[in-house]
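A.B. asks:
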Amino acid sequence: MGGAQDLMDRQCARFRELDPQLPDDYLLPKGDPLMARLPGGEPVAGLVAHTRNPPGSAQSLWQASDVFELFPLLGDHPRAGMDGVLGAWREWLAARSIPAEDSSCVVTWPSRDVQATRALLDHGFAPLSCMAIRPPTPDTVTELPGTVKVRRAGRADLDAVVELAIAEHDYAALVGTSVPRPGAGDLKRIAARQRLHSGTDPVWLAEQDGTPIALAECGWVDTARQPGGHRLRRGLWAYVNCLSVHEQARGDGVGQRLMAVAHEEFVRAGAVGSFLYYNPPNPLSSVFWPRQGYRPLWTMWEVRPATALR
Numbered sequence: 258m259g260g261a262q263d264l265m266d267r268q269c270a271r272f273r274e275l276d277p278q279l280p281d282d283y284l285l286p287k288g289d290p291l292m293a294r295l296p297g298g299e300p301v302a303g304l305v306a307h308t309r310n311p312p313g314s315a316q317s318l319w320q321a322s323d324v325f326e327l328f329p330l331l332g333d334h335p336r337a338g339m340d341g342v343l344g345a346w347r348e349w350l351a352a353r354s355i356p357a358e359d360s361s362c363v364v365t366w367p368s369r370d371v372q373a374t375r376a377l378l379d380h381g382f383a384p385l386s387c388m389a390i391r392p393p394t395p396d397t398v399t400e401l402p403g404t405v406k407v408r409r410a411g412r413a414d415l416d417a418v419v420e421l422a423i424a425e426h427d428y429a430a431l432v433g434t435s436v437p438r439p440g441a442g443d444l445k446r447i448a449a450r451q452r453l454h455s456g457t458d459p460v461w462l463a464e465q466d467g468t469p470i471a472l473a474e475c476g477w478v479d480t481a482r483q484p485g486g487h488r489l490r491r492g493l494w495a496y497v498n499c500l501s502v503h504e505q506a507r508g509d510g511v512g513q514r515l516m517a518v519a520h521e522e523f524v525r526a527g528a529v530g531s532f533l534y535y536n537p538p539n540p541l542s543s544v545f546w547p548r549q550g551y552r553p554l555w556t557m558w559e560v561r562p563a564t565a566l567r
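The numbering used here puts the first residue of the sequence shown at 258, with every later residue one more than the last.
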C-alpha cells in the first residue's frame with residue numbers, strides 16, 4: 258500500500274484536531290488492502306479484516322457470525338475519501354462469496370467527524386453503537402426512594418446477576434447490535450460467574466426490600482500495558498459492561514444511583530476516565546448516558562447483512 262504511512266500521518270493529525278481525547282495512533286490489523294482514487298487522482302486506502310464468530314462464542318451475542326470490518330486510511334479527505342474507499346469495498350465484496358444472512362460490514366470512526374458521517378450514511382450504514390467516555394469525576398449522590406439499597410454483588414448473587422444481564426441483552430437486541438442466540442443464557446452465566454469469582458471486577462446490585470432490581474457490571478482496562486490495542490488514550494480506564502434496571506423500577510433514579518457508586522469507585526482507583534458502549538437507537542440509553550456525563554468518542558457504523566452495502 259504505497260503512501261499508506263503518509264495517509265496515516267495526515268489522518269492522525271486530523272483526528273487530533275477533531276477530538277483531543279482520541280489516541281495518538283490508529284490501530285491497523287492484518288487484512289486485505291483496498292485502494293481508491295479521489296476525483297483529482299489522489300489515492301486513499303483501507304484494510305478489510307474478516308472475523309468469524311462461531312455459534313456458542315461470547316462475541317456472537319453482539320456481532321454477526323461473519324463480520325467484515327474496514328479500517329480506512331483517508332489522509333485529510335474524510336468525505337470524498339470515505340466515499341471512494343466504501344465504493345472499492347463494495348466491489349471487493351461483490352467479487353467474493355459473502356453470506357447474505359448473519360453478516361455485517363463495520364466501520365468504526367471518530368464520532369465528531371461529520372464529513373465522513375455523510376459518506377457512511379450515503380452508503381447505507383447505520384450508527385448502531387458508540388463508545389462513550391467520561392472524565393474521572395464523582396457524581397452528586399442522591400437518596401433513593403423507599404427501601405432501595407445498593408451493595409456489592411457476591412458469588413451468591415449469580416442468579417440475580419444473570420437474570421438482569423439477560424434482560425438487558427434482550428432489550429438491546431431490539432435497538433442495537435445485540436443478537437438473540439440459542440444458549441445466550443448459558444454464555445451470560447459463564448461470564449457473570451467469572452466476573453463474580455475474580456473479585457477484581459466490581460459488580461453492584463440495587464435491591465428493594467431485599468429483591469434485586471438493578472445491576473451494574475464494571476471492570477478495568479489498562480491501555481498503558483497494551484499500547485496500540487485500544488481506541489483510548491493510555492492509562493487505567495474503568496469499563497461499564499452492563500447497566501440493567503428492571504422495567505418496573507425505571508424512572509426512580511436507581512440507575513443514576515448505581516452509577517454514582519461506580520463513579521466514586523473509579524475515582525478512588527485513580528482511573529483516567531470511564532468508558533462504555535451504548536446504542537444510539539436505544540430510546541433509554543441514548544438519553545441516560547449523556548445525563549451521566551458520557552459523550553461519544555467512536556461510532557460503530559454497520560450494514561447488516563454485508564451484502565446490503567451500497
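Cβ coordinates follow ideal geometry from the N, Cα and C atoms, glycine included.
1) One question on the structure: do A449 and G512 come within less than 8 Å of each other, judged by their Cβ atoms?
2) Can you tell me which residues form a DSSP beta bridge with I390?
3) What are the partner residues of A428, as DSSP defines its beta bridges?
4) H307 bridges to which residues according to DSSP?
5) Given this structure, state the Cα-to-Cα distance separating W477 from L493, to the nearest angstrom.
6) Cα separation between P562 and W319?
7) Which residues mark the beginning and the end of the alpha helix (DSSP H) in which A463 is found?
8) Excluding five sequence neighbours on each side, which residues of the same chain lie with their C-beta closer than 6 Å to the C-beta of K445?
9) Would you kindly work out how many angstroms separate the C-alpha atoms of W555 and L533, rounded to a whole number?
10) Should the segment 345-354 be regarded as contacting the segment 534-544, the criterion being three or more beta carbon pairs within less than 8 Å?
11) In whole angstroms, what is the alpha-carbon distance linking Y535 and S368?
12) Can you confirm whether G530, when its beta carbon is compared against all beta carbons of chain C, has any partner nearer than 8 Å?
13) If we require 3 or more residues per run, which beta strand (DSSP E) segments fall completely within the segment 441-521?
14) CB G298 to CB P329, shorter than 8 Å?
15) Using three-state DSSP, classify A352 as helix, strand or coil.
16) In whole angstroms, what is the alpha-carbon distance linking F523 and G530?
17) Taking the C-alpha atoms as reference points, what is the distance between M258 and K287?
18) Over what stretch of residues does the alpha helix (DSSP H) that includes V371 continue unbroken?
19) Determine the direct distance from the alpha carbon of S386 to that of M265, and round the result to whole angstroms.
20) Tell me whether the beta-carbon of H307 lies closer than 8 Å to the beta-carbon of L566.
21) Is R561 helix, strand or coil when you go by DSSP?
22) Beta carbon of S314, beta carbon of V436: below 8 Å?
23) Excluding five sequence neighbours on each side, which residues of the same chain lie with their C-beta closer than 7 Å to the C-beta of L295?
24) Excluding five sequence neighbours on each side, which residues of the same chain lie with their C-beta closer than 6 Å to the C-beta of V502?
25) Quick one, which of D282, V460, A528 and G527 has its alpha-carbon nearest V407's?
26) Residues in the same chain with beta-carbon distance under 6 Å from E464, minus the five sequence neighbours each way, listed in chain order, please.
27) Cutting at 6 Å between CB atoms, please list the residues of its own chain near A373, excluding the five before and the five after it.
28) Out of curiosity, what's the CA-to-CA distance linking G527 and R491?
29) Let me confirm a value: Q268 is counted as buried when at least 16 other C-beta atoms fall within 10 Å, else exposed. Which label applies?
30) Could you check what DSSP says for A261 in three-state terms: helix, strand or coil?
31) Of the choices D263, Q483, R391 and D458, whose alpha-carbon is the least far from that of L331?
32) For the beta strand (DSSP E) containing T397, list its first residue and its last residue.
33) Return the chain-ordered list of same chain residues with a C-beta closer than 7 Å to the C-beta of P384, the five sequence neighbours on each side being excluded.
C.D. replies: Short version:
1) Taking the sequence shown and counting its residues from 1, one reaches residue 449 at position 192. Taking the sequence shown and counting its residues from 1, one reaches residue 512 at position 255. In this structure, G512 does not lie closer than 8 Å to A449 by Cβ.
2) Along the sequence shown, one-based indexing puts residue 390 at 133. By DSSP's assignment, I390 forms a beta bridge with F532 and R552.
3) As a first step, residue 428 must be located in the sequence shown, where it is residue number 171. Residue identity check: residue 428 is Tyr in the sequence provided, not Ala. For Y428, DSSP assigns no beta-bridge partner whatsoever.
4) For the purposes of this step, residue 307 is taken as residue 50 along the sequence shown, with counting starting at 1. DSSP lists F325 as partners of H307.
5) The residue labelled residue 477 in the question sits at position 220 within the sequence shown. The residue labelled residue 493 in the question sits at position 236 within the sequence shown. One C-alpha to the other measures close to 7 Å.
6) By one-based count along the sequence shown, residue 562 stands at place 305. By one-based count along the sequence shown, residue 319 stands at place 62. Put simply, the backbone Cα of P562 is about 14 Å away from that of W319.
7) Here the question's residue 463 lines up with position 206 in the sequence shown. Where A463 is concerned, there is no enclosing alpha helix (DSSP H), although the beta strand (DSSP E) it sits in stretches over V460 to Q465.
8) Taking the first residue of the sequence shown as 1, we reach residue 445 at position 188. Closer than 6 Å at the Cβ level, and outside the excluded window around K445, lie V419, A422 and I423.
9) Locating residue 555 in the sequence shown gives position 298, counting from the first residue. Locating residue 533 in the sequence shown gives position 276, counting from the first residue. The C-alpha of W555 lies about 11 Å from the C-alpha of L533.
10) no
11) The count along the sequence shown starts at 1 and reaches residue 535 at position 278. The count along the sequence shown starts at 1 and reaches residue 368 at position 111. Computed Cα separation, rounded: 13 Å.
12) No chain C appears in the structure shown, which is made up of a single protein chain.
13) 460-465, 468-479 and 493-502
14) By one-based count along the sequence shown, residue 298 stands at place 41. By one-based count along the sequence shown, residue 329 stands at place 72. For G298 and P329, no; Cβs fall outside 8 Å.
15) By 1-based counting over the sequence shown, the position of residue 352 is 95. In this structure, A352 counts as coil in the three-state DSSP scheme.
16) Walking along the sequence shown from the start, residue 523 turns up at place 266. Walking along the sequence shown from the start, residue 530 turns up at place 273. Distance between the alpha carbons of F523 and G530 is about 8 Å.
17) In the sequence shown, residue 258 corresponds to position 1, counting from 1. In the sequence shown, residue 287 corresponds to position 30, counting from 1. Caution is warranted here: a pLDDT of 45 is assigned to M258, below 50, making its placement in the model unreliable, and the coordinate value is therefore given only provisionally. The alpha-carbon atoms of M258 and K287 are separated by roughly 13 Å.
18) Here residue 371 refers to the residue found at position 114 of the sequence shown. That run of the alpha helix (DSSP H) goes V371 to D379.
19) Walking along the sequence shown from the start, residue 265 turns up at place 8. Walking along the sequence shown from the start, residue 386 turns up at place 129. Rounded to whole angstroms, M265 to S386 spans 25 Å at the Cα level.
20) Reading the sequence shown from its first residue, position 50 is the one you call residue 307. Reading the sequence shown from its first residue, position 309 is the one you call residue 566. No.
21) Taking the sequence shown and counting its residues from 1, the one referred to as residue 561 is at position 304. Reduced to three states, the DSSP call for R561 is coil.
22) The residue given as residue 314 occupies position 57 in the sequence shown. The residue given as residue 436 occupies position 179 in the sequence shown. No; because the gap between Cβ atoms is not below 8 Å, this pair is not in contact.
23) To locate residue 295, count along the sequence shown from 1; it is residue 38. Correct list, in chain order: V301, H334, A337, G338 and G341.
24) Here residue 502 refers to the residue found at position 245 of the sequence shown. Counting only Cβ-Cβ distances below 6 Å, and skipping sequence neighbours, we find A471, V511 and G512.
25) By 1-based counting over the sequence shown, the position of residue 407 is 150. Of the residues D282, V460, A528 and G527, the one whose Cα lies closest to the Cα of V407 is V460.
26) As a first step, residue 464 is located in the sequence shown; it is residue number 207 there, counting from the start. The answer, listed in chain order, is K406.
27) Here residue 373 is taken as the residue at index 116 of the sequence shown, counted from 1. Result list for A373: P335, M339 and W366, in chain order.
28) Locating residue 527 in the sequence shown gives position 270, where the first residue counts as 1. Locating residue 491 in the sequence shown gives position 234, where the first residue counts as 1. So the alpha carbons of these two residues sit roughly 13 Å apart.
29) In the sequence shown, counting from the first residue as 1, residue 268 sits at position 11. Looking at its Cβ environment, which holds 16 or more other Cβ atoms inside 10 Å, Q268 is buried.
30) By 1-based counting over the sequence shown, the position of residue 261 is 4. A261 falls in the helix class under three-state DSSP.
31) Within the sequence shown, the letter at position 74 stands for residue 331. With distances taken between Cα atoms, L331 lies closest to D263.
32) Taking the first residue of the sequence shown as position 1, residue 397 is located at position 140. Here T397 belongs to no beta strand (DSSP E), and DSSP marks it neither H nor E.
33) Along the sequence shown, read from residue 1 onward, the residue named residue 384 stands at position 127. The answer, listed in chain order, is P537, T556 and W558.
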